[in-house]
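Per this note's numbering: the sequence shown ends with 99, consecutive numbering throughout. Every residue gets a Cβ at the ideal spot worked out from N, C-alpha and C, and that includes glycine.
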Amino acid sequence: MADTTVSSVIMEPLDLVRLRLDEEVYLKLRGDRELCGRLHAYDQHLNMILGNVQETITIVNVGEQGQEQSIHTVNRNVPMLFVRGDGVILVSSPPRTG
């Protein structure tokens, strides 16, 4: 009987992404964007196709001389989304809620 452990399945960093196929993933992108959705496909450049995506954009407005600051977020839902890999900073499991 072969012992299949996680360490024997993970040989390269992209293997961690492969294990998340058809499951929910959390992506942090450049430009203060965050995505949470189901991973349908990816390639070696981390280009990804996500379904049922919730996108969160954080907008920071700085007043004159950097004194006044307002932060607000914009949320939107997208049924299917292509993500270009050069904008990806982090790929992980979705954050726990509750």
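Asked: Helix, strand or coil at residue 69 according to DSSP, with G and I counted as helix; Found: coil
Asked: Exposure of residue 49, with buried meaning 16 or more beta-carbon neighbours within 10 Å; Found: buried
Asked: Cβ shell of residue 63 (< 6 Å), same chain only, five flanking positions each side left out; Found: 70
Asked: Where the alpha helix (DSSP H) containing residue 17 begins and where it ends; Found: 14–19
Asked: 9 Å Cβ cutoff met for residue 51 and residue 38; Found: yes
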